[in-house]
Each structure stands twice: as structure tokens, then as C-alpha cells.
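Working notes for the structure below.
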Amino acid sequence: MSDGKGDGKDGSQVSEVSITDALSRIYEDGDVIVYTAPNEEELKEILVNLLRRNGRMSVKDFHRYLSGLASEDKIRYALNELLRNDIVTMDKQGYFYLTELLEAEGEYWSDESGESSEISEVSDNLDDSM
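With numbering that gives the first Met the number 0 applied, the sequence shown closes on residue 129, and no number is skipped along the way.
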């Protein structure tokens, strides 16, 4: 974990600071800061905030940001809950997007009938794989 004092030129420390701001500190000294792991609701909020900041992300992208705070399985479970509640959308390549941003930008994928069948199929497949 970072102490949050980095310049954020690579983007990781700035994001890490905003992620850890919402978490409780268990222990802190000059070398290390230990945070509590996020609960399910906090994790969902963190995932939504990351999508809002980055636009699109894969499970691996989320895990890179949350390494040490949440396992890939916890991230997948939270994303699945967000998919079921139509908060996020997933494309065929496995990237997640905020549904509200897609709708606001008019980039919601749809076929000729106006249905988002491609995305629905992928999110259904995600449910089956869990």
C-alpha cells in the first residue's frame, strides 16, 4: 500500500489514495498503512467510481487497482451484482462500462430491433460461469 504521498504520474497512486480514503485504517506507522478490506457495498461503490474515472475496465484491470484489498472472486461477485441491477454493462470482450454513461453518451450497443442483445447474452453468460 502506498502512503498516498506519490505524485501520481503513473496514475496508480492517485487512484489508490481515492480508493483507500473510503476504508478504515487498522494500523499505521512510518513504513506501512494497513486498511480493512471493503465490504460488499463498499466494493461495489469502489468499482463504480473506478469505472466513472476510467470509462471501461476488465476484471484484471479492477484487480490491479484492488490488489491486496479484494480477491478476483470478490470483484467478479460484486460486478455480477452490478450487472444484475443494470448499473454496469459488459461487452463481448469482457470490458465493463457504467450503464448510465453509455446511455448518456448514446453509445449503448443495440441491434436493428433496438435491443441490447449482444450485451444481454454476455451478462447471461457471466451468470452461468459463476
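Each residue gets a CB set at the ideal place from its N, CA and C atoms; glycine is no exception.
### Query
Is residue 25 helix, strand or coil by DSSP?
Strand.
### Query
Can you tell me where the alpha helix (DSSP H) with residue 45 in it begins and where it stops?
39–53
### Message
So, for residue 138: in the same chain, excluding its five sequence neighbours on each side, which residues have a beta-carbon less than 8 Å away from its beta-carbon?
### Response
Residue 138 is absent from the structure shown; the chain starts at 0 and stops at 129.
#### Entry: Straight-line Cα distance separating residue 53 from residue 8
Note that residue 8 has pLDDT 40, beneath the 50 cutoff, so the model's placement of it is unreliable and no number is given.
### Query
Using the rule of at least 16 other Cβ atoms within 10 Å of the residue's Cβ for burial, across every protein chain shown, is residue 43 buried or exposed?
buried
#### Entry: Euclidean distance between Cα positions of residue 89 and residue 37
23 Å
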